[in-house]
Amino acid sequence: MSSFLRAYLVDPAELRARVGSGNDGAVDEALAYFGPSLDRSDEYFADEIAQGAPTAREALRAVVHGGPFSEDEDHAFQYGYAYRRLCWLVGQPLEVDSFGPFRGDWLEVVDGGLKAYGITAVSVEEFRYGGLPDGLPHCDVPSCSTWSAEECRTALDQFERAEREGRSPLPEREVAEAVAEVVGWLRLAQRWKGGQIVGFVS
């Protein structure tokens, strides 16, 4: 089974102003922005919705209002996708050509490439095993984690130090391309002061 990694550069203040805010305006904004894609999502998950899972719109409302959430763990995926939509809405989708579809231990392989370039402050494998922010139900798919602005700065410093020291590993081309993509994310985060990177694996 193949997986995808999607990543977004977000302003944490903008995200906090929506997630758990109880702001009906934030709900209306999200519903207007995503519109027909929510209907397509409901069609895709029709069987789960028939078994009691919230619709995409219901999940968005719950995430913005901080609940109520279904007590059935099998329904938590809808809140994960709702959170991802909010990250998309307030943030900037990042280039992820090297990360989907992928199989097996690809994220671990890329982490090995990052370490070869001196980057240890962040890990793409972390996106596979993280969870949603506090206050939202735990879900395995999509999994989610966040690189703080400080972690992004440190990781970029580590890479640039390795460059200055002339460390030039020669990993496989695909790994080198993935590392270059991640470094591009870090450079964007550096220009967007206070920006965080939120990644989702599904």
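To get my numbering, take the position in the sequence shown, counting from 1, and add 237. A virtual CB, placed ideally from N, CA and C, is assigned to each residue, including glycine.
Here residue 288 is exposed, its C-beta having fewer than 16 other C-beta atoms within 10 Å. Burial check for residue 281: the Cβ neighbour count within 10 Å stays below 16, so the residue is exposed. Residue environment for residue 239: exposed (fewer than 16 other C-beta atoms within 10 angstroms of its C-beta). With a contact defined as Cβ atoms closer than 8 Å, residue 389 and residue 423 qualify at about 5 Å. The beta carbons of residue 358 and residue 432 sit about 15 Å from each other, so the pair does not count as a contact at 8 Å. Sequence-distant partners of residue 406 (beyond 5 residues in either direction) whose C-beta falls short of 6 Å from its own C-beta, in its chain, are 353. Our two residues, residue 275 and residue 327, have alpha carbons roughly 17 Å apart in a direct line.
One thing to note: residue 314 has its Cβ within 8 Å of the Cβ of residue 378.
If you look at residue 245, you'll find it in the beta strand (DSSP E) that goes 242-247.
By DSSP's assignment, residue 381 forms a beta bridge with 437. Around the Cβ of residue 283, a 10 Å sphere holds fewer than 16 other Cβ atoms; the residue is exposed.
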